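Colleague: Before anything else, here's the structure in question.
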Amino acid sequence: MSSKQKDSSFSENMIKYIYGIADNSLILGQRLGELTGHGPTLEVDIAMTNISLDLFGQVRSYFQYAAQISDKDVTEDDLAFLRTEREYLNVLLVEQPNKDFAYSIGRQFLFDHFHFILMTELQNSKDETLVAIAKKTIKEVSYHKRFSSDWVKRLGDGTEKSHQKMQTAIDDLWKYTDELFHTTEADEKMIEAGVGVDVKKLKEQYYKNVSEVLEEATLQVPDLKYFQKGGKNGIHSEHMGFILTEMQYMQRTFPGMKW
Amino acid sequence: MSDNKENKKKPATHSSKGTTGKKNWPLWEIFVRSKNGLEHRHFGSLHAADADMALENARDVYTRRNEGVSIWVVESKNITASNPEHNGEMFEPASDKVYRHPTFYDLPDDVKHM
């Protein structure tokens, strides 16, 4: 009995840990999907929605795994579409809107560099499925990181106007970066079990990598003392409700629908 | 800040040297090798500010579904094309001389792509 209790709390923490990773890809994928047909050029439009598709592909792997672990009778679609706002554990950064192209690129850039080092470390997890997902994902993320970093450099070191827009985006989004390195209770349990990545240890490397690109882009690295947090514990910004309304519409309107 | 900017090489956000004017990126022709052993084939064209961006755009536009193992990009203005009006003098003399084509040999079935 006690071992069974232990198992069920383990699987609950594991599912929360998976949400903590997968929800970032899900919500960012949804944000990028909003750009379909609205990219600044045809080529960039395709590139950004390709990234969105990569992210959704990752989400499917995570949620199939989470559904399999769960003791409830749920599918990957239930996990993606039928949770309430407080049950999504993505960071605030990925839910920030596509205010302009520089914002979309800035958001992508700040997330990709985190995503890349997270996936690098997740390959050392004791959980074989997570290792397999990380191995597949790292190639995609490596490309995302190149794409967004290139654009940060192009805009930052481009015209006066593009420089100013890129700087504004980085300045505004910087306050969401610290949360990437927070851990929840479930995260800590998974770190103890050798399954989860201790993101606290990745912080220094992240800011070093990001700052290098910003400097090459002739942009200022923001110097902030106060940061936003909450998403990892389900406390989201005002944008989240709108994202979910659109994303969940089909499943809520036609429950159980399939393509 | 602006001093700093001038010392560095600027990746273009707009087309260089007036290929198609300031607002449009130049056009690039994309060649993709589908698999090792085959030649690069023309896949299409796209817009990009420079060669690096053309490669990335080509990757996203043409090879996302595993279509290729290698990409070449060439700015379209660097391609010299034959004039269709001269098709007569350029190509027709060849078509009535069957002996110019090695059609009198039996090719073994194993030889492909000939």
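Protein sequences, first through last, are from chains H and Z. So the first sequence is numbered by this note's numbering: it starts at 1 and just counts up by one. So the second sequence is numbered by this note's numbering: it starts at 1 and just counts up by one. Here a beta-carbon is modelled for each residue, glycine too, at the ideal position from N, C-alpha and C. Quantities reported herein were computed from a predicted structural model and do not represent experimental measurements.
If you measure beta-carbon to beta-carbon, which residues of the region 32-57 of chain Z are closer than 8 angstroms to chain H?
Modeller: Going along the region 32-57 of chain Z in chain order, one finds L46, H47, A48, A49, D52, M53, E56, N57 with a Cβ nearer than 8 angstroms to chain H.
Colleague: For V32 of chain Z, does the three-state DSSP call read helix, strand or coil?
Modeller: It is a strand residue.
Colleague: What's the gap between the Cα of I71 of chain Z and the Cα of T168 of chain H?
Modeller: Going from the Cα of I71 of chain Z to the Cα of T168 of chain H covers about 35 angstroms.
Colleague: Who are the Cβ neighbours of T35 of chain H in its own chain at under 7 angstroms, not counting the five residues just before and after it?
Modeller: Checking the sequence, you will find Leu at residue 35 of chain H rather than Thr. Taken in chain order, the residues that qualify are D45, M48, T49, N98, S104.
Colleague: Decide if G68 of chain Z is buried, meaning its Cβ has at least 16 other Cβ atoms within 10 Å, or exposed.
Modeller: The residue in question, G68 of chain Z, is buried, as its Cβ has 16 or more Cβ neighbours within 10 Å.
Colleague: Using DSSP with H/G/I as helix, E/B as strand and the rest coil, what is G21 of chain Z?
Modeller: Only weak support is given to the placement of G21 of chain Z: the predicted model assigns it a pLDDT of 48, under 50, and the value that follows is read from those uncertain coordinates. Coil, per DSSP.
Colleague: Quick one: what's got a C-beta closer than 8 angstroms to L89 of chain H's C-beta in the same chain, skipping five residues either side?
Modeller: Taken in chain order, the residues that qualify are K16, Y19, G20, D23, T184, G231, K232, N233, G234.
Colleague: How big is the Cα-Cα spacing for L82 of chain H and R59 of chain Z?
Modeller: Taking the straight line joining both Cα atoms gives about 35 angstroms.
Colleague: Roughly how many angstroms separate the alpha carbons of I133 of chain H and V152 of chain H, rounded to a whole number?
Modeller: Those two C-alpha atoms are separated by around 28 angstroms.
Colleague: Of all Cβ atoms in chain Z, is any one closer than 8 angstroms to the Cβ of E246 of chain H?
Modeller: No - not a single Cβ of chain Z is within 8 angstroms of the one on E246 of chain H.
Colleague: On a Cα-Cα basis, can you pick out the residue from Z:E39, Z:N66, Z:P26 that is closest to M53 of chain Z?
Modeller: Looking at the Cα atoms, Z:P26 is the closest of the given residues.
Colleague: From Q164 of chain H to Q30 of chain H, what does the alpha carbon distance come to, in whole angstroms?
Modeller: If I take the Cα positions, the gap works out to 27 angstroms.
Colleague: Is any heavy atom in the ligand ATP found nearer than 7 angstroms to the beta carbon of E29 of chain Z?
Modeller: For the structure depicted, the ligand ATP is absent and the ligand set is empty, with no information on it obtainable.
Colleague: In whole angstroms, what separates the C-alpha of Y206 of chain H from that of F227 of chain H?
Modeller: Going by the C-alpha atoms only, they are around 16 angstroms apart.
Colleague: Excluding sequence positions up to five away, which residues of its chain have a Cβ less than 7 angstroms from the Cβ of E76 of chain H?
Modeller: Contacts found: R60, F63, Q64, A67.
Colleague: At which residues does the beta strand (DSSP E) containing L202 of chain H begin and terminate?
Modeller: Taken as a continuous stretch (DSSP letters only), L202 of chain H belongs to no beta strand (DSSP E), as it is neither H nor E.
Colleague: If I measure Cβ to Cβ from S211 of chain H and keep anything under 8 angstroms in the same chain, skipping five residues before and after, which residues do I get?
Modeller: Only V221 meet the Cβ criterion.
Colleague: Where does L110 of chain H land, buried or exposed, given buried means 16+ other C-beta within 10 angstroms?
Modeller: L110 of chain H should be labelled buried.
Colleague: Count the other CB atoms, across all protein chains shown, that sit within 10 Å of the CB of R154 of chain H; report buried if there are 16 or more and exposed otherwise.
Modeller: It counts as buried.
Colleague: Anyone know if the C-beta pair for E121 of chain H and L180 of chain H falls short of 8 angstroms?
Modeller: Result no, Cβ atoms of E121 of chain H and L180 of chain H do not sit closer than 8 angstroms.
Colleague: Curious, which full-length alpha helix (DSSP H) runs of at least 4 residues does the region 25-84 of chain H contain?
Modeller: Listed in chain order, they are 42-69, 76-81.
Colleague: Within 10 Å of its beta-carbon, does D127 of chain H have 16 or more other beta-carbons around it, so buried, or fewer, so exposed?
Modeller: D127 of chain H is buried by the Cβ-count criterion.
Colleague: Name the chain H residues that come within less than 9 angstroms of R65 of chain Z, Cβ to Cβ?
Modeller: Result: empty, since nearest Cβ-Cβ is about 10 angstroms, beyond 9 angstroms.
Colleague: Comparing C-alpha positions only, which one of Z:H47, Z:H40, Z:H101 sits nearest to W28 of chain Z?
Modeller: The shortest C-alpha separation from W28 of chain Z is found at Z:H47.
Colleague: By the 9 angstroms beta-carbon criterion, what residues does the region 7-41 of chain H contribute toward chain Z?
Modeller: Per Cβ criterion, the list reads T41.
Colleague: F242 of chain H: which of H:L118, H:D112, H:E85, H:K145 sits nearest, CA to CA?
Modeller: When only C-alpha atoms are compared, the closest one is H:E85.
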